[in-house]
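Notes follow once the structure below has been shown.
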Amino acid sequence: MMERGVVLAAMALLATAPCEAQERRTVPVNASALVRVHALDGDVRIRGESRSDVQVIDLERDSRRNGVRVSGSGDEITVEAEGRRDVEVRVPTGTRIQARARSGDIIISGVAGSVAVETMGGDVVIDGSPATFTAETLNGDVRVLGDVQTVRIASVSGDIQIPRATGSIEATTTSGDVEITSRNVSSGSFESTSGDVVFDGDVAPDALLRFRSSSGDILLTVSSSVNADFDLDSVVGDLRSDLGPRPERSRYTGGASSRFTAGNGGARIIVRNVSGDIRVRTR
Amino acid sequence: MTGHPGEERLNDWVDGLLDAEQAAQVEAHVAQCPTCADAVDGLRRLLALAAEMPASIEPPAGTWDAVAERTVHLGRRRREVLFGLRVPIAAAALLLMALGAGLTATLLRQSEPPAAALGAAGGPDEAASMALVAAESEYDRTFQQLIAEYRNRQPQLDTTTIRVVGENLLIIDQALERARAALGVDPANQELPLLITDTHRKRIELVERALRLSARSERSEA
């Protein structure tokens, strides 16, 4: 699993790689070009900047042969890095990005166009405000640090962290944890089969937020003055809430459910679990 | 229009939610795109099946939210089944019918004394249960096809991928068992059929994801 320090260290490493050991190539592109970056086990850093070309920097020291291929120009450019070759790609802010790696990490910042990322085991970190962000990993973790209006993340065992969530978000993982700190998320679907789902933050007035797990716990922390309709149901697990009436216990399964309106209602918060617990806390 | 319209746009078109210009664009695309035409046909068949479900009855006060919620679930399920998973249309239809029967049972129970509806042999619960079994069978059939493909590819996969897929398939199987066990205890629970089919969806998605991501990695390496 991704440690915050590891990611920061990776970002710092990429940011401070010595220029003299790098090979740079520059290709002219249109402002909204599609930039594809394909890596294997090396890391990828993509940085949006105020520029009119794409600069590809092969970060490998002592490179005796060309391990990074660049093709295309204008509307579309493809960068392919071999083996464990790390690469940095500097792009115009408005470009659209499609990046994938096998075990390499992908770190993206400053891009305003749409961003789509795939990795097998590599972690993904995105900062900035792309129009949309989609990520798919097998066991890589995904962190969304910026203000992205539309986010869709799917992983098998990776953790998903969105510390400044806003807009519309879908985050699903099988055994990873999902951790969301909301700044008025308008719609969200957060799901893990065995991992925990943790939500802390504000709820937009008409938001629709869904949380689901099977055996993980679901913990929501909301304002004590939240205006929302809650629909909570754990088939077998425990249910505790600082808001609303005492949950109804199922006489068949031992689980509990509760439906109530907090404040003036409006937003809808729907939580489903099977054997995991549900906890709603206020702050 | 360049590229496929996308699942949301196709759904909106079938549902008649697009303005004239947008609808004309989608219609023109569907007319020359077999993939989207197939998807639209599937949607329309499903809608036709849904229309044949038992006529609604006026629910007692307080139940509408639950009904509305299930409708949202059904809409999501429809889209996922048709576009995301390519599970045979029969599974979605069976699920819809199962939920329709189950929902009707719930409404009946809430408008009549509990003893009148509970435990009636051959009643709505039994029909819903049988339909769920059939839907699970359809999902399982699709899963078996995928897992056979996965096993064929396994020699080319790295040990981490094999371990992650194996561990997470086990987690999903355990989730299925938990939900089925709970349904055995509480067969009238309306959430559990959705949870079960949703878990089937995740199981299929997991294998699809592993196959797709590993295939692309292989292509990058080649």
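Those protein sequence lines, which keep their order, are chains A and B.
The first sequence maps to residues 99 to 381 in our numbering.
The second sequence maps to residues 1169 to 1390 in our numbering.
We put the beta carbon where it would ideally sit given N, CA and C, even for glycine.
Since the structure is predicted, the reported quantities are computational estimates derived from the model, not experimental observations.
Run down chain A in chain order and give the residues with a C-beta less than 9 Å from the C-beta of B/Arg1346. Residue mapping note: residue 1346 of chain B aligns to position 178 of the second sequence, counting from 1. Under the 9 Å cutoff, chain A gives Ser312, Ser313, Val333, Val334, Val372, Ser373.
For the pair the stretch 340 to 357 of chain A and the stretch 272 to 291 of chain A, tell me if three or more CB-CB distances fall below 8 Å. no
Examine chain A for any beta-carbon lying closer than 7 Å to the beta-carbon of B/Leu1250, and answer yes or no. For the purposes of this step, residue 1250 of chain B is taken as residue 82 along the second sequence, with counting starting at 1. Reliability of the predicted coordinates at B/Leu1250 is poor, the pLDDT of 36 falling under 50, and the value obtained from them is presented with this limitation in mind. No - not a single Cβ of chain A is within 7 Å of the one on B/Leu1250.
Starting from the beta carbon of A/Glu234, find every residue of chain B whose beta carbon is closer than 9 Å, and list them in chain order. On the first sequence, residue 234 of chain A is found 136 positions in, with the first residue counted as 1. The answer, in chain order, is Arg1377, Arg1380, Leu1381.
Three-way DSSP call (helix, strand, coil) for B/Ala1316 in this model: As a position in the second sequence, residue 1316 of chain B is number 148, starting the count at 1. Three-state DSSP puts B/Ala1316 in a helix.
Note down, in chain order, each residue of its chain lying with its Cβ closer than 6 Å to the Cβ of B/Gly1184, except the 5 sequence neighbours on either side. The residue labelled residue 1184 of chain B in the question sits at position 16 within the second sequence. For B/Gly1184, where only same-chain residues beyond five positions count, there are no Cβ hits under 6 Å.
Under 7 Å, do A/Val222 and A/Val133 count as touching if we go by C-beta distance? One-based indexing of the first sequence puts residue 222 of chain A at position 124. One-based indexing of the first sequence puts residue 133 of chain A at position 35. No, the Cβ-Cβ distance between A/Val222 and A/Val133 is not below 7 Å.
Touch check for the stretch 258 to 267 of chain A and the stretch 231 to 243 of chain A: three-plus C-beta pairs under 8 Å? yes
Please go through the same chain and pick out, in chain order, the residues whose beta-carbon is closer than 6 Å to the beta-carbon of A/Arg377, but skip the five residues on each side of it. On the first sequence, position 279 is the one that residue 377 of chain A refers to. Only Leu317, Arg338 meet the Cβ criterion.
Beta carbons nearer than 7 Å to chain A: which residues of the stretch 1291 to 1321 of chain B have them? none
A/Gly364: which of A/Ile195, A/Arg357, A/Pro303, A/Gly244 sits nearest, CA to CA? Against the first sequence, residue 364 of chain A aligns to sequence position 266. Of the candidates A/Ile195, A/Arg357, A/Pro303, A/Gly244, the one whose C-alpha sits nearest the C-alpha of A/Gly364 is A/Pro303.
Residues bridged to A/Gln259 [DSSP beta-bridge criterion]: One-based indexing of the first sequence puts residue 259 of chain A at position 161. Note: A/Gln259 sits in a beta bridge opposite A/Arg241, A/Glu277.
Proximity to A/Gly342 [Cα-Cα], best of A/Ser332, A/Ala354, A/Phe358: In the first sequence, the residue the question calls residue 342 of chain A occupies position 244. Checked all of A/Ser332, A/Ala354, A/Phe358; the closest Cα to A/Gly342 is A/Phe358.
Using the Cα positions of B/Gly1230 and B/Leu1338, report the straight-line distance between them to the nearest angstrom. The count along the second sequence starts at 1 and reaches residue 1230 of chain B at position 62. The count along the second sequence starts at 1 and reaches residue 1338 of chain B at position 170. Any reading at B/Gly1230 needs caution, since the residue's pLDDT is 34, under 50, leaving its predicted position unreliable; the model's value is listed next. Cα to Cα, the separation comes out at about 39 Å.
Could you tell me how far apart the beta carbons of A/Ile175 and A/Val166 are, in whole angstroms, since I believe they sit closer than 8 Å? Taking the first sequence and counting its residues from 1, the one referred to as residue 175 of chain A is at position 77. Taking the first sequence and counting its residues from 1, the one referred to as residue 166 of chain A is at position 68. With a Cβ gap of about 12 Å, A/Ile175 and A/Val166 do not count as contacting.
Any idea what DSSP makes of A/Ser339, helix, strand or coil? For the purposes of this step, residue 339 of chain A is identified with residue 241 of the first sequence, where counting begins at 1. In this structure, A/Ser339 counts as strand in the three-state DSSP scheme.
A/Leu317 bridges to which residues according to DSSP? The sequence position of residue 317 of chain A within the first sequence is 219, counting from 1. A/Val296, A/Arg377.
Counting only Cβ pairs nearer than 8 Å, list the residues of chain A close to B/Ile1340. On the second sequence, position 172 is the one that residue 1340 of chain B refers to. By Cβ distance, chain A contributes Thr272, Thr291.
CA-CA distance, A/Val324 and B/Leu1186? Counting from one through the first sequence, the residue named residue 324 of chain A turns up at place 226. Counting from one through the second sequence, the residue named residue 1186 of chain B turns up at place 18. The straight-line gap from Cα to Cα measures roughly 34 Å.
What did DSSP end up calling B/Gln1324 once you bin it into helix, strand or coil? What you label residue 1324 of chain B is simply residue 156 of the second sequence in a count that begins at 1. If DSSP states are grouped into helix, strand and coil, B/Gln1324 belongs with the helices.
Mapping the DSSP letters down to three states, classify B/Asp1366 as helix, strand or coil. Along the second sequence, one-based indexing puts residue 1366 of chain B at 198. Looking at B/Asp1366 - three-state DSSP - the assignment turns out to be helix.
For the alpha helix (DSSP H) containing A/Gln196, name the first residue and the last one. Along the first sequence, read from residue 1 onward, the residue named residue 196 of chain A stands at position 98. Here A/Gln196 belongs to no alpha helix (DSSP H); instead the beta strand (DSSP E) covers 194 to 199.
Tell me, to the nearest whole angstrom, how far the beta carbon of A/Val296 is from that of A/Glu268; I am working on the premise that it is less than 8 Å. Within the first sequence, numbered from 1, the residue matching residue 296 of chain A stands at position 198. Within the first sequence, numbered from 1, the residue matching residue 268 of chain A stands at position 170. Not quite, the Cβ-Cβ distance comes to about 16 Å (not below 8 Å), so this is no contact.
Quick one: residues in its chain with C-beta nearer than 6 Å to the C-beta of A/Val369, no 5 flanking neighbours on either side, listed in chain order? One-based indexing of the first sequence puts residue 369 of chain A at position 271. Here the set comprises Phe309, Ile316, Leu330, Ile376.
Shortest alpha-carbon distance to A/Val185 belongs to which of A/Gln196, A/Gly202, A/Arg194, A/Gly192? For the purposes of this step, residue 185 of chain A is identified with residue 87 of the first sequence, where counting begins at 1. Checked all of A/Gln196, A/Gly202, A/Arg194, A/Gly192; the closest Cα to A/Val185 is A/Gly202.
Quick one: grab the DSSP three-state call for A/Thr217. By one-based count along the first sequence, residue 217 of chain A stands at place 119. Reduced to three states, the DSSP call for A/Thr217 is strand.
Just to confirm the assignment: which complete beta strand (DSSP E) runs, minimum length 3, are found wholly within the stretch 120 to 163 of chain A? 121 to 136, 142 to 147, 151 to 156
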